[in-house]
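Under the working numbering, the letters of the sequence shown match residues 33 to 300, in that order.
One structure is given here, and the rest of the page talks about it.
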Amino acid sequence: MTTVRKWEFAGTRGSVTARIWTDGDPWYIAVLVHGYGEHLGRYDHVADVLARHGAVVCGPDHMGHGRSAGDRVLVEDYDDVVADLHTVVEAARGDHPDLPVVMIGHSVGGLIASRYAQLHGGVLAALVLSGPVLGHWHILDELLPLDEIPDEPIDTSTLSRDPAVGKAYIEDPLVWHGPFRKTTVEALDTALKRVSEHGRLGDLPIFYMHGAADELVRPRDTRTGIDAVRGTDFTERLYPGARHEIFNETNREEVLADVTAFIDGVLT
C-alpha cells in the first residue's frame with residue numbers, strides 16, 4: 033500500500049512543502065515536477081502507479097504554489113524553482129544513494145525539468161516530458177505585451193476529455209484560479225530562452241509525450257524547443273485526441289503504462 037508523507041524545507045524564497053510516496057523497497061527514485069498554478073497533490077494517482085512500480089516518488093510544491101510559501105504564482109526567476117527542486121532530489125539521493133533518478137515534468141514542469149537536466153544532468157538517469165512548455169508558448173505571446181494581465185479563468189475543457197478533471201480543477205482550493213502575474217510571465221519567457229539557448233542534453237534518455245489535441249500547450253509550438261534540447265536517446269509519443277493533462281486523460285492508464293515501460297527500458 034502506497035504511503036505518503038509531507039516535509040518542509042527552507043527554499044530560495046521561503047518555506048517549500050514536498051511530498052514522498054513509497055510502497056515497499058524501491059529500486060529507483062522518481063521526481064515529479066508539476067505545472068503552473070497547480071500543486072503536487074494532483075499527482076497522487078501518478079505517484080501511486082510509480083510507487084507500485086518500484087519507485088520512491090518525491091517532489092515539491094513550487095514557490096507560490098500549493099502548500100508552499102510565497103505570493104501566489106509569483107516567480108521572479110525559474111532557476112530558483114530549479115534550486116528548490118534540487119534540494120528535494122538531493123534529499124532523496126541522501127536517503128537512497130544507490131538508486132537511479134528519473135525526473136518527470138508536466139507542462140511548465142517540463143520546462144523546469146529540462147532546465148534541471150541542463151544544470152544537473154549528471155544526477156539523472158532519464159527524463160520524461162509531458163506536454164512540456166518548451167520553445168514557444170502562444171499564451172506568452174498574448175500576455176507579454178500587456179501592462180495589466182486580464183483575469184480570465186482557464187477553459188478547463190482543454191485539460192482532458194474527462195469532464196470530472198475540469199470539475200475537480202475548479203473545486204481545488206490549492207489550484208490558483210486568478211490571473212498570471214506579469215513578473216511570472218517575464219520569468220517564463222526568460223526560462224524558455226535559456227533552455228533553448230543552452231543546447232542539447234547529450235545521451236540522457238528522454239521520453240517526450242504529448243496530447244495531439246492539446247490546445248493549451250500546442251505540440252507544434254513545443255516541437256521547436258524539443259528539437260533544441262533533445263539528445264541522442266530520444267523517444268516520442270503523441271496520443272490522438274488527447275488534450276493537455278495526459279496523466280488525467282481518458283487513456284491515462286495507457287499513458288502511465290508507457291511511462292513505466294520507458295523506465296524499464298532505460299533502467300533494466
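Just so it is clear, CB atoms sit at the ideal spot from N, CA and C, and this is done for glycine as well.
Closest in alpha carbon position to His230, among Leu175, Arg250, Arg147, is Arg147. Sequence-distant partners of Val155 (beyond 5 residues in either direction) whose C-beta falls short of 7 Å from its own C-beta, in its chain, are Val121, Val133.
With fewer than three CB-CB distances shorter than 8 Å, the region 173-180 does not count as touching the region 65-84. Residue pairing for Leu64: DSSP places it in a beta bridge opposite Ile136. Trp59 is not a Cβ neighbour of Gly96, given a cutoff of 8 Å. A contact is defined here as three or more CB-CB pairs under 8 Å, and the region 239-256 meets this definition with respect to the region 270-280. Residue pairing from DSSP leaves Gly263 without any beta-bridge partner.
By the Cβ neighbour-count rule, His209 is exposed, with fewer than 16 other Cβ atoms within 10 Å of its own. For Trp169, the closest C-alpha among the options Gly257, Gly56, His77, Phe279 is that of Gly257.
Shown here for Val140: same chain residues with a beta carbon closer than 6 Å to its own, the five before and five after excluded, namely Gly67, Tyr68, Val165 in chain order. At the C-beta level, Thr282 and Phe239 stay beyond 8 Å of one another. Beta-bridge pairing by DSSP links Arg269 to Met241. DSSP places Pro185 outside both helix and strand once states are collapsed to three, so it counts as coil. Looking only at Val298, Gly297, Ala289, the smallest Cα-Cα distance to Asp80 is reached by Ala289.
Per DSSP, Ala101 lies in no beta strand (DSSP E) and is assigned neither H nor E. In the structure shown, Glu108 adopts coil according to DSSP, grouped into three states.
Note that the C-beta distance between Ala101 and Ser47 is below 8 Å. Taking 8 Å as the cut-off, the beta carbon of His138 is found closer than this to the beta carbon of Phe279.
Within the same chain, Cβ atoms closer than 7 Å to the Cβ of Thr190 are found at Glu247, Leu248, Arg275, His276, the five residues on either side in sequence being excluded.
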